[in-house]
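Notes for the one structure printed next.
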Amino acid sequence: MSHVPSTVSQPEFDFWEFVGCGLCHMPFAANSSGPPPVPFWITECGHIICNTHLKGDHSCAQCGSQGIQVASLQRKMDAPMADWFRPATQTMDSLAFSTRFQIETLVSLVRYYKRKHSQQHALIERAKMESQHFKVLKKKYEDLKVHAQQLRERLHNERGRSVGSEPADGINNNGKRPMLDSNRSTHSNSSPRVIYLIDTTNFGRVTVVLPEVLFMQHAQNIGPGISTPPPPADVVGAVSRGQSDVGSSLLSGLLDNNPYFQAGFGLMGVGVALTALRHGVRISSIALQRRMLVSLEINNKDPAYDWFLAWMSQQAAKQAAKPRLLSPASWTRSHQLSVQTAYEQRKNGSASVFFKVVAGPGTHLMKYERAWIQVKRERETRSQQLMSGIPWETVTLTTLSRDRSLFPKLLAEARDIAMRGQEGKLVIHTPWGIEWKPFGLPRRKRPLKSVVLEEGVAESVEKDVSAFLQRRQWYADRGIPYRRGYLLHGPPGSGKSSFIQALAGSLSYDICVLNLSERGLADDKLIHLLSNVPERSFVLIEDIDAAFNKRVQSSEDGYQSSVTFSGFLNALDGVASGEERIIFMTTNHPERLDPALIRPGRVDLSLFIGDSTPQQAKRLFLQFYGRGEEEPSGWEHIEEDELNRLGDSIEGLVREQMQAGKRVSMAALQGLFIRSSAREATEGLGSLFQEQRTL
Numbered sequence: 001m002s003h004v005p006s007t008v009s010q011p012e013f014d015f016w017e018f019v020g021c022g023l024c025h026m027p028f029a030a031n032s033s034g035p036p037p038v039p040f041w042i043t044e045c046g047h048i049i050c051n052t053h054l055k056g057d058h059s060c061a062q063c064g065s066q067g068i069q070v071a072s073l074q075r076k077m078d079a080p081m082a083d084w085f086r087p088a089t090q091t092m093d094s095l096a097f098s099t100r101f102q103i104e105t106l107v108s109l110v111r112y113y114k115r116k117h118s119q120q121h122a123l124i125e126r127a128k129m130e131s132q133h134f135k136v137l138k139k140k141y142e143d144l145k146v147h148a149q150q151l152r153e154r155l156h157n158e159r160g161r162s163v164g165s166e167p168a169d170g171i172n173n174n175g176k177r178p179m180l181d182s183n184r185s186t187h188s189n190s191s192p193r194v195i196y197l198i199d200t201t202n203f204g205r206v207t208v209v210l211p212e213v214l215f216m217q218h219a220q221n222i223g224p225g226i227s228t229p230p231p232p233a234d235v236v237g238a239v240s241r242g243q244s245d246v247g248s249s250l251l252s253g254l255l256d257n258n259p260y261f262q263a264g265f266g267l268m269g270v271g272v273a274l275t276a277l278r279h280g281v282r283i284s285s286i287a288l289q290r291r292m293l294v295s296l297e298i299n300n301k302d303p304a305y306d307w308f309l310a311w312m313s314q315q316a317a318k319q320a321a322k323p324r325l326l327s328p329a330s331w332t333r334s335h336q337l338s339v340q341t342a343y344e345q346r347k348n349g350s351a352s353v354f355f356k357v358v359a360g361p362g363t364h365l366m367k368y369e370r371a372w373i374q375v376k377r378e379r380e381t382r383s384q385q386l387m388s389g390i391p392w393e394t395v396t397l398t399t400l401s402r403d404r405s406l407f408p409k410l411l412a413e414a415r416d417i418a419m420r421g422q423e424g425k426l427v428i429h430t431p432w433g434i435e436w437k438p439f440g441l442p443r444r445k446r447p448l449k450s451v452v453l454e455e456g457v458a459e460s461v462e463k464d465v466s467a468f469l470q471r472r473q474w475y476a477d478r479g480i481p482y483r484r485g486y487l488l489h490g491p492p493g494s495g496k497s498s499f500i501q502a503l504a505g506s507l508s509y510d511i512c513v514l515n516l517s518e519r520g521l522a523d524d525k526l527i528h529l530l531s532n533v534p535e536r537s538f539v540l541i542e543d544i545d546a547a548f549n550k551r552v553q554s555s556e557d558g559y560q561s562s563v564t565f566s567g568f569l570n571a572l573d574g575v576a577s578g579e580e581r582i583i584f585m586t587t588n589h590p591e592r593l594d595p596a597l598i599r600p601g602r603v604d605l606s607l608f609i610g611d612s613t614p615q616q617a618k619r620l621f622l623q624f625y626g627r628g629e630e631e632p633s634g635w636e637h638i639e640e641d642e643l644n645r646l647g648d649s650i651e652g653l654v655r656e657q658m659q660a661g662k663r664v665s666m667a668a669l670q671g672l673f674i675r676s677s678a679r680e681a682t683e684g685l686g687s688l689f690q691e692q693r694t695l
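The letter at position 489 of the sequence shown is residue 489 when you use full-length UniProt numbering, and the numbering goes up by one with no holes.
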């Protein structure tokens, strides 16, 4: 067995050096062995705080936990510190928490010192590079001093030699010094004897070049068959005349005889010309587009977006029905397609599925009224609509025509085609965020006579709504808000909602169903919804009494609407409320409604719709079992006299029950007539009253 040493090597650091207050960061071990400067405490939630941040309300000053206990923090505690506030079964969790605390502390320190080391290492490396660069500069400086001293000595020697060899009074018969004559006899030309070339890039290096060598090198650079340029007498003369003339002569020679300079200037001229041409073309194209092109953008948030895609799909189908190889339609036919699944309701109530192929994302070409139109459909892949999750899309129409009326005419045609598919149908709208969206398929309109109410009730409401719709200018002339509210109250099943649906179909109106208890609906959204109701639409709010008076208590996770009663009143007729709308509200308990809600201006007409009367029961019976325009096979045929006799019996039975204090709803009668024959309905009506009484 391996021997385990009894002594354990002490760590290089003290654990308590890294312990401090979690708020003011006061160290616990200010002295290596002495007590802390102030008492320290460890909380039940695992935080360490000093005596300054200890709260007397049993709450943690760091995390805000309530009802916790604290213990005095001392060095005699074992590290990692145990948790004395929890049962023994959670000791391992406490140990793991303390261990993670120590590890995170050590890792933070290691990262800190590693970062400091990397910063200091970078500074040391930079200092080394600067030192080396300084040494190089110093050496170059010393070389410059040596070269400058040599240059001064050489110039001094040349000046002394010329002055000492030419006496002041040595003048010959020609009036010149003999030494100069001997020099000119040796050098018959006027060029200098010595040319000093100073290399400034090599810190003052001096090179002595004889004129003969300079001329010889120039002659050797001339190739065979090339005419020799004029001798550089001007350059040599310029050297004798001064340094400025030499620089100008050399520059002119380089510019005149160097092909690279000429090519560079030529390329620069070509670049300037191309840049000017590009800017000219861009400006011309912008001006041409503004004068000759007309563009229209439609996004998928606008209803015209779906109208145009459906219209374009219909136009493409018409063009495809006439296939000709050389026709423009065959060459402009779209090959980037997208599918839209649609449903169509049959007369028997069932729905059929069909697919519409529309233009997909991309560029398409079409012709409308002798004008070519480019259709560009773009889809945004990085963003999408918040409520529906559908990506944002746009369709841009561009035509080579200055006639701006082309697009309104096209959109009007697309709208008429879309509306033609909804003729004779009722569209139900529901809130989708802050907008109204169609819900489900368009429904067949319900005839107003199919809802059997008391005599004159349906006709009076229809007359009132029609009169309101015809008095728009009358309201505007008198400064009265153009809106109207109706309240239909009565027992359940009396036909309030059915009547509103039939009335909307009779006036060719749609219905916007608003639920005040809908999740996410608040006062501001409610005002926005009621101010942006679709055209020719009723707003229907059902069971208005239950919107602000709960029938059942919500559960623990139940949801409570954010719409307040005052916010609802302001949305009806407040300053920010909209106009040109008709609101229908229904309730089963009008006595629960606040008087502020049903006052004139918010409810202009209140109408009671009760249970079935004897006349209503007979009319509903004759409507169900009378002979209609289309009777299905196997339908029970009853003679008119027999049908009237059964209707009279239904009327008498309902009158007897009413005198006995019993009622029957229109919904119960309708359910009975749907599932029974005429004679079975007459016999089963008595049991229906019995069931109604037991409920």
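Every residue gets a Cβ at the ideal spot worked out from N, C-alpha and C, and that includes glycine.
Inter-residue spacing [alpha-carbon to alpha-carbon] between residue i and residue j
| i | j | result |
| --- | --- | --- |
| residue 697 | Q616 | The displayed coordinates of the chain run from 1 to 695. Any statement about residue 697 would go beyond what the structure contains. |
| L685 | E639 | 21 Å |
| A660 | G610 | 17 Å |
| F308 | C63 | 59 Å |
| I541 | S517 | 11 Å |
| Q56 | L569 | Note that residue 56 is Gly in the sequence shown, not Gln. In a straight line, the C-alpha of G56 is about 49 Å away from that of L569. |
| V270 | I283 | 20 Å |
| V539 | I68 | 55 Å |
| D523 | I390 | 26 Å |
| D464 | Y509 | 15 Å |
| G280 | G264 | 24 Å |
| L288 | L406 | 19 Å |
| V206 | K139 | Its pLDDT being 46, under 50, V206 is placed unreliably by the model, and nothing is read from it. |
| R126 | R111 | 22 Å |
| E378 | H364 | 11 Å |
| W16 | K114 | 22 Å |
| S131 | Q119 | 18 Å |
Within 8 Å, strictly: CB atoms of residue i and residue j
| i | j | result |
| --- | --- | --- |
| I511 | L426 | yes |
| Q336 | A359 | yes |
| L293 | T430 | no |
| L530 | R602 | no |
| W311 | A467 | no |
| F499 | L572 | no |
| P447 | A502 | yes |
| residue 705 | S562 | Absent from the model: residue 705. The displayed extent of the chain is 1 to 695, so no value can be given. |
| A667 | G424 | no |
| F621 | I650 | yes |
| W436 | P534 | yes |
| I434 | K525 | yes |
| I298 | T381 | no |
| V38 | N51 | yes |
| residue 709 | M268 | The structure shown does not extend to residue 709, since the chain spans only 1 to 695, so no value can be given for it. |
Beta bridge counterpart(s) of residue i as assigned by DSSP
| i | result |
| --- | --- |
| C50 | F40 |
| H489 | T587 and F608 |
| Q289 | For Q289, which the question treats as bridged, DSSP gives no partner whatsoever. |
| H429 | P438 and C512 |
| N532 | Answer is none; N532 lacks a bridge partner. |
| M366 | I373 |
Of the residues the options, the one placed nearest residue i, counting alpha carbons only
| i | options | result |
| --- | --- | --- |
| Q670 | Q623, E642 and H147 | Q623 |
| C45 | Q149, C60 and K145 | C60 |
| L296 | A148, R655, D403 and V281 | D403 |
| G362 | E369, W372 and S338 | S338 |
| S506 | R478, E462 and V563 | E462 |
| R472 | E579, V281 and A371 | E579 |
| R655 | P614, I48, S649 and S676 | P614 |
| A418 | N515, V451 and Y305 | Y305 |
| A547 | L123, R519, S108 and E158 | R519 |
| S65 | Q74, L54 and V38 | L54 |
| N532 | L514, D545 and D543 | L514 |
| D604 | G485, L137, D648 and R679 | G485 |
Contact test: residue i Cβ vs the ligand NAD heavy atom, cutoff 7 Å
| i | result |
| --- | --- |
| I286 | With respect to the ligand NAD, the structure offers nothing, as it holds no ligand at all. |
Residue-level contact to chain B via CB, residue i, 8 Å cutoff
| i | result |
| --- | --- |
| M419 | In the structure shown, chain B cannot be found, because there is only a single protein chain. |
Check: With contact counted as at least three CB pairs below 8 Å, one residue from each stretch, are the region 488 to 495 and the region 567 to 587 in contact?
Finding: yes
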